[in-house]
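Everything on this sheet refers to the single structure shown next.
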Amino acid sequence: MDDTPAIPRAGDKPDQTGFAARFRTTLRGLTQNIFQRRRRREAWWRLDISTIIALTVLILGMTARVFDLPWVELIRVKTFDFYQVMAPRETDGKSVVGIVDIDEKSLAEIGQWPWSRTTIADLLNRLADAKASVVGFDAIFAEYDRTSPHRIATTIRGADAETLAKLKALPKNEDVMAAAMKRIATVVGQAGVNTALPKGGLTAALPSSVKGSKGGDPKPFLHAYLAYMGNVPELEKAARGHGFFTIGNEPDGLVRRV
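Quick note: the sequence shown uses the working numbering, first residue 1, plus one each step.
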């Protein structure tokens, strides 16, 4: 077979059929290319339902994280409670926390609250004899005991000079309680209040318990109170430590952190 291409001769007509086919093919390719590019440009705003849901969840999550909405805080603390129930913290079983409650039974037996400082001292001595490691008070002894001998000596009427002298010679109830506090590690309570206290009240004259710090100044992130409420000086000095129990509740009314 002769594969030599045919040579056009004079008078032959051009092959219009082949040219038209090639033209149509080229035109079809250009048209498809144009529409494909257009679809690619329009695809950025044509989102399916799954993409819309994902973007919505992302926006809501970022908003909740930035503004820390109350319902988000409630979900967070409830999740914390769930984890505590499902995987509670392991303990060695040796540390036992006991609560000495001022209930109706003790009030009926000892009398109305506040009890005298000598009664509290007896309680501390019993705890020391029981080898308790530490005692913490969630009450503030902000005023002197009105049943203390030196206070009675200034308020009693009709007493002779000898009786008054004997009362003043007796130790103050605060001194008795302070002596008991030195037998066992005792932590007394303090509180911040949002109302101004009368002038001449007790102030914190003890050195700061902060031994070191790292990072920036934490004061801008702390709540500022108008006044401080502490214990009488004798008890403040005898205490091994001081605990601030002015705390804020969680949204559901529970206390989970201090």
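By construction, the Cβ of each residue, glycine as well, lies at the ideal position given by its N, Cα and C atoms.
DSSP, reduced to helix, strand and coil, places Y83 within a helical segment of the structure shown.
Membership of G61 in any beta strand (DSSP E) is not indicated; the residue belongs instead to the alpha helix (DSSP H) covering I49 to F67. Distance between S116 and N173, taken at the CA atoms: about 7 Å.
With respect to the 8 Å criterion, M229 and A165 are not classified as neighbours on the basis of their beta carbons. Restricted to the region 144-225, the beta strand (DSSP E) segments that are unbroken, complete and at least 3 residues in length are 185-193, listed in chain order. Between M177 and A121, the C-beta spacing is below 8 Å. Of the residues assessed, G215 falls on the exposed side of the cut-off, its CB having fewer than 16 other CB atoms within 10 angstroms. Around F80, the same chain offers R256 as residues with beta carbons nearer than 8 Å, after the five sequence neighbours per side are excluded. The Cβ neighbour count for N249, taken over all protein chains shown within 10 Å, is under 16; the residue is labelled exposed. Sorting T147, V134 and D217 by C-alpha distance to the C-alpha of G243 places V134 at the top.
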